[in-house]
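Numbering (my numbering), first residue to last: 55 to 713.
Have a look at this one:
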């Protein structure tokens with residue numbers, strides 16, 4: 055009996071051990087699934103709504119904010135130019151696109167540090183996760199691709215080719231459709247996530263021309279975000295419309311707009327577009343429309359009773375009543391801080407948290423809840439998000455001015471009546487892909503890459519001093535009109551131009567974009583190497599496009615070596631002038647010593663030229679091929695008549711590879 059008891063006891067112990075092992079092996083980690091639509095943004099919150107995260111764009115950190123304490127609890131170093139964030143559904147991991155490092159940094163939230171970096175395409179921007187967190191979607195701005203990342207393997211498993219310049223991302227609640235806006239074209243790609251390919255392109259409609267040029271009209275561009283409404287049936291898309299038909303004038307060229315998309319049909323509901331004077335027409339005490347500029351983000355009340363639109367240029371918040379007609383009913387003028395770009399709503403809908411990209415601060419706005427007649431109010435104090443600004447003070451001031459359309463903020467108004475910022479045409483500091491009319495004729499908006507190192511300014515080389523841009527501010531932006539352009543500026547106003555110049559010169563402001571035409575390791579392809587030989591030989595391109603900056607404009611100097619508009623020997627007739635172009639007798643800033651012929655143009659840099667289409671002073675060349683062949687009938691712009699088709703193709707490959 056005793057032996058039997060021992061055997062029974064032993065068997066019982068063994069059974070319990072086996073049972074424990076079996077139970078341990080069958081335990082699976084609980085999967086958290088998100089059940090709401092999501093958009094990428096520079097600010098995100100957790101489900102409880104008590105923690106916020108911000109991407110501190112040019113400081114290269116992520117801030118963690120305790121909402122209840124109104125306190126930054128951590129600042130985490132990440133890669134260069136963090137743009138947008140995504141939380142994993144289980145909220146254990148934060149993903150951030152590092153635009154200038156071409157990677158996604160992975161942050162362990164508990165450890166508050168980067169634990170991995172995942173290489174993606176060139177200049178990643180938007181980022182979202184699938185509802186179960188099993189996939190991460192990233193838009194690569196310069197590569198014109200979407201990356202699909204496996205978060206477990208921490209690698210890209212598929213790359214989807216899309217139209218140019220994909221930016222903001224949004225994913226439906228069920229995860230079946232991924233939307234990406236194309237920043238400059240006004241297009242939106244709809245990706246079927248099960249098939250992992252683009253199923254449809256939504257093209258935002260132009261706003262029709264109007265007899266009154268001061269009413270909203272023009273081409274959709276600078277498309278910032280795609281934000282899905284709480285019911286999942288529509289989405290709001292903030293962007294600009296730009297009028298290219300008439301000479302640039304601050305009241306007639308650039309207008310803010312919000313388009314509404316039907317997500318069942320994946321079509322724009324054209325009659326629902328919100329524009330100045332049309333569904334966005336809030337009046338001041340003088341019964342005049344309050345002008346706002348550069349829409350950047352959208353947030354909805356949980357019950358969809360109201361929508362809030364952030365205006366990054368004029369630094370305002372526009373409130374739309376969605377129950378009573380869908381029109382704007384209030385403008386919260388002057389959100390505290392500089393350049394508000396992203397926002398999230400508190401869980402109870404009573405407060406908006408606004409991320410200021412230039413002052414690196416968090417502003418709070420009381421929404422008034424869903425009460426129809428309650429007014430939103432901004433709290434005066436802000437929370438500083440960073441311990442130390444990485445930019446020199448003068449550079450920060452210049453960058454803030456560049457992105458601002460706030461007519462009240464600086465020593466003198468940079469624009470008339472809050473209409474536009476420098477960034478309204480130089481989108482995100484770069485190009486907007488459009489050709490605008492000027493008194494000199496059509497002018498393609500140039501890039502600011504290397505702008506301060508490439509010699510004379512303007513397409514006709516008519517400026518040699520950065521302060522001469524006073525003429526642009528006065529004539530096109532409606533700012534600084536109190537000053538005689540032929541006389542010296544007051545010191546405080548001169549300092550505004552000094553600050554802008556410092557920003558444009560700063561090495562990290564506009565790095566030359568990496569080219570997708572190169573090998574993965576960054577070297578020239580064999581074809582591009584053949585093109586380089588032609589560029590420097592038979593084609594003769596190097597005659598004008600030489601040196602570090604690949605332009606001869608830097609040689610336009612006087613006897614002392616100072617840049618001067620009087621030296622016109624490096625302006626060239628490349629056969630591209632048209633009947634629309636006009637010569638000028640000079641301007642008052644130069645005491646009319648800089649007259650210009652309509653046929654002669656300054657030589658632009660070719661570094662990063664692949665990213666600056668369309669080309670030529672009037673934007674008449676859509677491709678480099680058009681520059682060399684279609685718009686070069688007289689053979690004045692490179693010797694390509696003697697080149698074979700294969701040689702021309704190699705030459706184009708090299709030009710597109712220049713960094």
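Even for Gly, the Cβ is constructed at its ideal location relative to N, Cα and C.
Residue state for residue 497 is assigned as strand, using DSSP reduced to three classes. The closest CA to that of residue 651, considering only 294, 637, 252, is found on 637. Within the same chain, Cβ atoms closer than 8 Å to the Cβ of residue 112 are found at 135, 444, 445, 453, 562, the five residues on either side in sequence being excluded. For residue 149, the pairing in a beta bridge is given by DSSP as 140, 160. Taking the CA atoms as reference points, residue 116 sits about 15 Å from residue 408. Between residue 430 and residue 389, the gap from beta carbon to beta carbon reaches 8 Å or more. The C-alpha of residue 219 is placed about 5 Å away from the C-alpha of residue 198. Bounds of any beta strand (DSSP E) do not take in residue 454; it lies within the alpha helix (DSSP H) bounded by 447–456. Separation of the CB atoms of residue 232 and residue 247 is rounded to 5 Å, and the pair is thereby assigned contact status at 8 Å.
DSSP lists 236, 257 as the beta-bridge partner residues of residue 241.
In the pairwise beta carbon analysis, the stretch 642–656 is classified as touching the stretch 510–523: at least three pairs are separated by under 8 Å.
Counting only the Cα atoms, residue 211 lies some 54 Å from residue 342.
Restricting attention to alpha helix (DSSP H) runs no shorter than 4 residues, the stretch 516–564 encloses them at 545–559, ordered along the chain. With fewer than three CB-CB distances shorter than 8 Å, the stretch 675–695 does not count as touching the stretch 525–533. Inclusion of residue 486 and residue 594 in the CB contact set at 8 Å is not warranted, their separation being larger than that value. Contact fails between the stretch 569–584 and the stretch 474–492, because fewer than three Cβ pairs, one in each stretch, are under 8 Å apart. Note that the stretch 313–325 does not touch the stretch 498–510; fewer than 3 beta-carbon pairs, one per stretch, sit closer than 8 Å. In the structure shown, residue 106 adopts extended strand secondary structure according to DSSP, grouped into three states. Within the DSSP bridge table, the entry for residue 271 names no partner. Between the stretch 392–401 and the stretch 291–310 there are fewer than three inter-stretch CB-CB distances shorter than 8 Å, so the stretches are not counted as touching. Residue 449 and residue 601 have their C-alpha atoms roughly 27 Å apart. Counted as a single uninterrupted DSSP element, the alpha helix (DSSP H) harbouring residue 589 occupies residues 580–590.
For residue 708, the three-state secondary structure derived from DSSP is helix. A check of alpha carbon separations from residue 154 across 622, 569, 375 identifies 569 as the nearest. Around the beta carbon of residue 240, 16 or more other beta carbons sit within 10 angstroms, so the residue counts as buried.
As computed with DSSP, residue 372 is found in a beta bridge with 363, 385. In this structure, DSSP gives residue 305 a state outside helix and strand, which the three-state scheme calls coil. A direct Cα-Cα distance of roughly 43 Å separates residue 565 from residue 423. In the structure shown, the three-state DSSP call for residue 679 is helix. By DSSP's assignment, residue 621 forms no beta bridge with any residue. Residue burial is scored here from C-beta neighbours: residue 695 has fewer than 16 other C-beta atoms within 10 angstroms and is therefore classed as exposed. Annotation: the continuous beta strand (DSSP E) that includes residue 173 extends over 167–173. In the structure shown, the three-state DSSP call for residue 507 is helix.
Annotated three-state conformation of residue 701 is helix, per DSSP. Restricting attention to 358, 349, 380, 501, the CA atom closest to the CA of residue 310 is found in 349. DSSP lists 301, 496 as the bridge partner or partners of residue 491.
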